[in-house]
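Participant:
Protein chains in written order, with my numbering: chain L, -12 to 336; chain P, -12 to 336.
(1) Report the residues of the segment 223 to 234 of chain P with a CB closer than 9 angstroms to any CB of chain L, ordered along the chain.
(2) Exposed or buried, residue 106 (chain P), counting other C-beta atoms within 10 Å across all chains shown (16 or more means buried)?
(3) Taking only beta-carbon positions, decide if residue 317 (chain L) is within less than 9 angstroms of chain P.
(4) For residue 130 (chain P) and residue 58 (chain P), I'd like the C-alpha separation in whole angstroms.
(5) Buried or exposed: which applies to residue 336 (chain L), given that a residue is buried once 16 or more other Cβ atoms fall within 10 Å of its Cβ?
(6) Quick one, which residues of the segment 286 to 299 of chain P are near chain L if we go by CB-CB under 7 angstroms, in chain order?
(7) Does DSSP put residue 227 (chain L) in a helix, in a strand, or in coil?
(8) With a 10 Å radius around its C-beta and 16 neighbouring C-beta atoms as the bar for buried, classify residue 313 (chain L) as buried or exposed.
(9) Considering only their Cβ atoms, is the gap separating residue 311 (chain L) from residue 273 (chain L) smaller than 9 angstroms?
(10) Grouping DSSP H, G and I as helix and E and B as strand, with all else coil, what is residue 324 (chain L)?
(11) Kindly indicate which residue of P:224, P:1, P:9 and P:-3 has the alpha-carbon position closest to the one of residue 328 (chain P).
(12) Do residue 46 (chain P) and residue 116 (chain P) come within 9 angstroms of each other at the CB atom, strictly closer than that value?
(13) Terminal residues of the continuous beta strand (DSSP E) containing residue 273 (chain L)?
(14) From the DSSP output, in three-state form, read off residue 86 (chain P) for me.
(15) Suppose you measure from the CA of residue 183 (chain L) to the CA of residue 224 (chain L); what does that come to, to the nearest Å?
(16) Just by C-beta distance, which residues in the segment 162 to 183 of chain L are closer than 9 angstroms to chain P?
(17) Take residue 173 (chain L) and list the residues in its own chain whose beta-carbon comes closer than 8 angstroms to its own, dropping the five residues that flank it on each side.
(18) Is residue 287 (chain L) near the ligand PLP, with its Cβ less than 8 angstroms from a heavy atom?
(19) DSSP on residue 94 (chain L), reduced to helix/strand/coil?
(20) Pull the bridge partners of residue 75 (chain P) from the DSSP assignment, please.
(21) Between residue 145 (chain L) and the rest of its own chain, which residues show a CB-CB distance below 7 angstroms, the 5 nearest in sequence each way excluded?
(22) How long is the line joining the alpha carbons of residue 246 (chain P) and residue 75 (chain P), rounded to whole angstroms?
(23) If you measure from the beta carbon of residue 254 (chain P) to each beta carbon in chain L, is any gap under 9 angstroms?
(24) Expressed to the nearest angstrom, what Euclidean distance is found between the alpha-carbon atoms of residue 257 (chain P) and residue 77 (chain P)?
(25) Touch check for the segment 147 to 161 of chain P and the segment 196 to 205 of chain P: three-plus C-beta pairs under 8 angstroms?
(26) Does residue 187 (chain P) come within less than 9 angstroms of chain L when only Cβ atoms are used?
(27) Any residues in the segment 193 to 205 of chain L with a beta carbon nearer than 7 angstroms to a beta carbon of chain P? Which ones, in chain order?
(28) To which residues does DSSP link residue 303 (chain L) through a beta bridge?
(29) Excluding the 5 residues flanking residue 278 (chain P) on each side, which residues of the same chain have their C-beta closer than 6 angstroms to its C-beta?
(30) Flag residue 237 (chain L) as yes if its beta-carbon sits less than 9 angstroms from any beta-carbon of chain P, otherwise no.
(31) What are the boundary residues of the beta strand (DSSP E) that residue 210 (chain L) is part of?
(32) What does residue 148 (chain P) reach in chain L if we use C-beta pairs closer than 8 angstroms?
(33) Name, going along the chain, the residues of the segment 76 to 97 of chain L whose beta-carbon falls closer than 8 angstroms to a beta-carbon of chain P.
(34) DSSP state of residue 118 (chain L), grouped into three classes?
(35) For the 8 angstroms Cβ check, are there 3 or more pairs between the segment 183 to 197 of chain L and the segment 121 to 139 of chain L?
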C-alpha cells in the first residue's frame, strides 16, 4: 500500500477512507512499559538527541497497536536551545528555561539557526523512521510547537496555568512581541520544511496554550504568524495539522489562520467544531481521561465522537490532547481497534 | 437610592441601567495593600471565620473604587469542612484537603450539615456587611462553589490542571458521583438560600473548573445538579449568577442548566457568548491580565467588551476570572471609572 492511499493521508485531504484513521497524541510515552524501561537509562533530551533511540520510541506504539500514523518522538522545546535559551526537564516539575526572555533586548539577542543545525538529530530520526515505516504503509508525522506556545515558554520560563508573564509582555511590548514571533515563525517553518524533506508525510503544529488568549488577541498577536508558517509550509505539499486546546470559543479564528487539518480538544463537540472550522479536515477529540475509564464509558464516548463526525471524509480520530501517564496500554489497544472496526462498518463506499 | 434600582440589580434583571454596572471578581484580595496588611496578622481561614474581619475586607474595594457591587469575602472551600473534609491553605501551593474522597464509601461518609452551622461566620458577615452597604446603595453578592468544582477539589484533594482523578472517579463510579453531587447541591443551595436570608442581594455560583469537561459530560454529570441548585434558589427571588470558565465551546449547555446571569471568561467574544446564552443577562469578560497592561491596551479591550455588549440591557462588566496578584490598584480604579463613564455616555434613556 502506498503511503498516499493510507487512510490517514486520505483523511488529511478530505478523501473517503476505508476506515476513520486513528492515532493518539503522545502515543509514545510514559504509559508504555517499553518506554519507561528505556527511560531508566536515558533522559528525554538524551533520547531526542540520539536518532536511533528516538526511532525506537517512535516505533513502540506502531508495533504495539494498529495506529494509522506514527509521530516522530521529540519535544517542542529543544528548538529554543538554538536561539540561545537553556533548557532542562526538571523531574515532576516539567521544562525549565534558565534564561527566559524578559525584555525587548532579550528578543534581539535570540539567534535563528537553520534547522539542519538546530534539530539535526530529529531530522536524522525522521529519515531513519520514515525508511522503516514507509514499507509498512504507516505515514510519519513531523511536528513543531506553534510560535505562540513557544513564545509562552520562552518568556514564562516554564509551564504555567495562564502564562501571565508572557501575556503581559505581549501587551506591554507589542513591537518586540512581533519580532519574537517572527523569529519563532522562521525557526518553526524551517524545522517543519526540513522534516518534510527528511521524509515526514504530514506535519503538525502544537499550539497547546493558544486557549489562554481571547479571540481578538489570537487574531492580532498570533494569527498572522500562524498564517506565515502555514503558507511557507504549504510549498512542500505535505498536509499540515494545526492543533490547539481551549480554543473552542473561537475555532473559526484559529482555522482562518491556516492548516489543512484542524485539531480540536474535547471541550467542544466535534460537530459544532467542524461547523466552525468549515471546509477543512478535523482531528479529535476524545478526552484523554476516558482512556482510564471503564470500557463501557470509553466506548460510548468514542462512538459519540464517530457519530458526530458522521462518516464525513476528513475526520482523523485522536484524543483532545496527549495520552496521560498511568493510562492502561490495553485501553489504548481497545480504543484503536474499536475506532477502526466501527468506522469501517459505517463507511459507505 | 434603593438597592432594587441599583445599576447592578437592574442589569441582573435585564432592565436598562444608567450605566453598565461593574465589579470585579476577587476585587478584595492580595493586590490591595490594605488586604496584604491585614494578612500579615491573619490567615485566610481566620479572616473568613471572623465576621468583623470578613466585613472589613469586603468593604475595602467598595471604599477604594466606585464598584457597583460588593461580594462577601469568603472562599468556596470552607463549605467542605462541614462534610468532614479537612482543609488547609498551603502557602504558594493553594488549598489542600487531607482526606480526599477516593471511593464510593468515602462519599457515603460525608455529612450534610445545615448552612447556619456550616458557614455561620459567613452568614454573620453577610448580615453585617449588607447592613453597612444597603444605606450606601451597594448590593452585596453572596456566593458558593458550584457542585462540580467542589467535587473536583473534594476528590482531587487540591488544585490541578485537568482534575484527572476527579473525572476518572466520575466515569468509574457514576452512581457514587451522583450521590456526591446531590450532597454538594444540597449544601450549596442551602448556603445560598441562607446568604439571601442574611441580606445578600444577589448570589453567584463559581464553577471555575467546569471547562475541563466536554459538553456531553457537562450535560450528563453536572447540568442536572446545577439545575436543582438554581431551581431551589429561585424561590428566594434573588438573582443568581452562574459563572464558569473554559466553557466557551458549550455556553448554551451551561445556560440551559440555569441562572439569571451567565458569567463568561475572556476566551469567547462577549457577543458570541451572548448569542449562545440567549435571553439571559451576561457578566464579563475582560482578561484579568489586561489589568497589568498599559492603559491604551486595557482601555481598548475594555471598550471592545462594551462595544460587543452594544448597550443592550443585562450586561454586567467584570473580568473573565478573578483579579490577579500584583495588579496595580490604580489600574482597577481607572478601569472601573472608565466603564462607568463610557457606558453612561452610550446608554439611550
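Where a beta carbon is used, it is the ideal one built from N, C-alpha and C, also for glycine. These numbers come from a predicted model, not from an experiment.
Facilitator: The structure says:
(1) Going along the segment 223 to 234 of chain P in chain order, one finds 233 and 234 with a Cβ nearer than 9 angstroms to chain L.
(2) Stepping through the second chain from its first residue, residue 106 (chain P) is reached at position 119. By the C-beta density criterion, residue 106 (chain P) is buried, having at least 16 other C-beta atoms within 10 angstroms.
(3) Along the first chain, read from residue 1 onward, the residue named residue 317 (chain L) stands at position 330. Contacts with chain P at 9 angstroms (Cβ-Cβ) do not include residue 317 (chain L).
(4) As a working mapping, residue 130 (chain P) is identified with position 143 in the second chain. As a working mapping, residue 58 (chain P) is identified with position 71 in the second chain. Residue 130 (chain P) and residue 58 (chain P) have their alpha carbons spaced roughly 8 angstroms apart.
(5) For the purposes of this step, residue 336 (chain L) is identified with residue 349 of the first chain, where counting begins at 1. Below a pLDDT of 50, predicted positions are generally treated as unreliable, and residue 336 (chain L), at 47, falls in that range; the measurement from the model is reported next regardless. Counting C-beta atoms within 10 angstroms of its own C-beta, residue 336 (chain L) has fewer than 16 neighbours from the protein chains shown and is therefore classed as exposed.
(6) The residues in question are 291.
(7) Reading the first chain from its first residue, position 240 is the one you call residue 227 (chain L). DSSP, read as helix, strand or coil, puts residue 227 (chain L) in strand.
(8) Here the question's residue 313 (chain L) lines up with position 326 in the first chain. With fewer than 16 Cβ atoms within 10 Å of its Cβ, residue 313 (chain L) is classed as exposed.
(9) Along the first chain, one-based indexing puts residue 273 (chain L) at 286. Along the first chain, one-based indexing puts residue 311 (chain L) at 324. In terms of Cβ geometry, residue 273 (chain L) and residue 311 (chain L) do not form a close pair [threshold 9 angstroms].
(10) By 1-based counting over the first chain, the position of residue 324 (chain L) is 337. Residue 324 (chain L): helix per DSSP, three-state reduction.
(11) On the second chain, position 341 is the one that residue 328 (chain P) refers to. For the set P:224, P:1, P:9 and P:-3, the Cα lying nearest the Cα of residue 328 (chain P) is the one of P:9.
(12) Position 129 of the second chain, counted from the start, is the residue given in the question as residue 116 (chain P). Position 59 of the second chain, counted from the start, is the residue given in the question as residue 46 (chain P). With contacts defined as CB atoms closer than 9 angstroms, residue 116 (chain P) and residue 46 (chain P) qualify as a contacting pair.
(13) Working through the first chain from its first residue, we reach residue 273 (chain L) at position 286. Segment 268 to 273, the beta strand (DSSP E) holding residue 273 (chain L).
(14) As a first step, residue 86 (chain P) is located in the second chain; it is residue number 99 there, counting from the start. When DSSP states are grouped into helix, strand and coil, residue 86 (chain P) belongs to the coil group.
(15) What you label residue 183 (chain L) is simply residue 196 of the first chain in a count that begins at 1. What you label residue 224 (chain L) is simply residue 237 of the first chain in a count that begins at 1. Linking residue 183 (chain L) to residue 224 (chain L) through their CA atoms gives a straight-line distance of about 9 angstroms.
(16) For the segment 162 to 183 of chain L, the set of residues with a beta-carbon nearer than 9 angstroms to any beta-carbon of chain P is empty.
(17) To locate residue 173 (chain L), count along the first chain from 1; it is residue 186. Within the same chain, 99 come within 8 angstroms of residue 173 (chain L) by CB-CB distance, once the 5 residues on both sides are set aside.
(18) Only the bare structure without any ligand can be found here, which leaves the ligand PLP out of the picture.
(19) Along the first chain, read from residue 1 onward, the residue named residue 94 (chain L) stands at position 107. Residue 94 (chain L): helix per DSSP, three-state reduction.
(20) Position 88 of the second chain holds residue 75 (chain P). Partner(s): P:83.
(21) By one-based count along the first chain, residue 145 (chain L) stands at place 158. Non-local C-beta neighbours of residue 145 (chain L) in its own chain, meaning closer than 7 angstroms and more than five positions away in sequence, comprise 81, 82, 83 and 84, ordered along the chain.
(22) Mapped onto the second chain, residue 246 (chain P) falls at position 259. Mapped onto the second chain, residue 75 (chain P) falls at position 88. Answer to the nearest angstrom: the Cα atoms are 31 angstroms apart.
(23) Working through the second chain from its first residue, we reach residue 254 (chain P) at position 267. At least one chain L Cβ lies under 9 angstroms of residue 254 (chain P).
(24) Numbered from 1 along the second chain, position 270 holds the residue referred to as residue 257 (chain P). Numbered from 1 along the second chain, position 90 holds the residue referred to as residue 77 (chain P). Linking residue 257 (chain P) to residue 77 (chain P) through their CA atoms gives a straight-line distance of about 35 angstroms.
(25) The segment 147 to 161 of chain P makes contact with the segment 196 to 205 of chain P, as at least three CB pairs between them are under 8 angstroms.
(26) As a first step, residue 187 (chain P) is located in the second chain; it is residue number 200 there, counting from the start. Chain L, which has no Cβ nearer than 9 angstroms to the Cβ of residue 187 (chain P), makes this no.
(27) Cβ contacts with chain P come from 198, 201, 202 and 203.
(28) What you label residue 303 (chain L) is simply residue 316 of the first chain in a count that begins at 1. DSSP, once it has assigned bridges, lists L:270 as partnering residue 303 (chain L).
(29) Along the second chain, read from residue 1 onward, the residue named residue 278 (chain P) stands at position 291. Excluding sequence neighbours, residue 278 (chain P) sits near 314 and 318.
(30) Looking up residue 237 (chain L) in the first chain gives position 250. Cβ-Cβ to chain P under 9 angstroms: yes for residue 237 (chain L).
(31) Counted from its first residue, the first chain places residue 210 (chain L) at position 223. Element bounds for residue 210 (chain L): not the beta strand (DSSP E) but the alpha helix (DSSP H), 210 to 221.
(32) On the second chain, position 161 is the one that residue 148 (chain P) refers to. By Cβ distance, chain L contributes 148.
(33) From the segment 76 to 97 of chain L, no residue has a Cβ closer than 8 angstroms to chain P.
(34) Numbered from its first residue, the first chain carries residue 118 (chain L) at position 131. Three-state DSSP puts residue 118 (chain L) in a helix.
(35) Yes, the segment 183 to 197 of chain L is in contact with the segment 121 to 139 of chain L.
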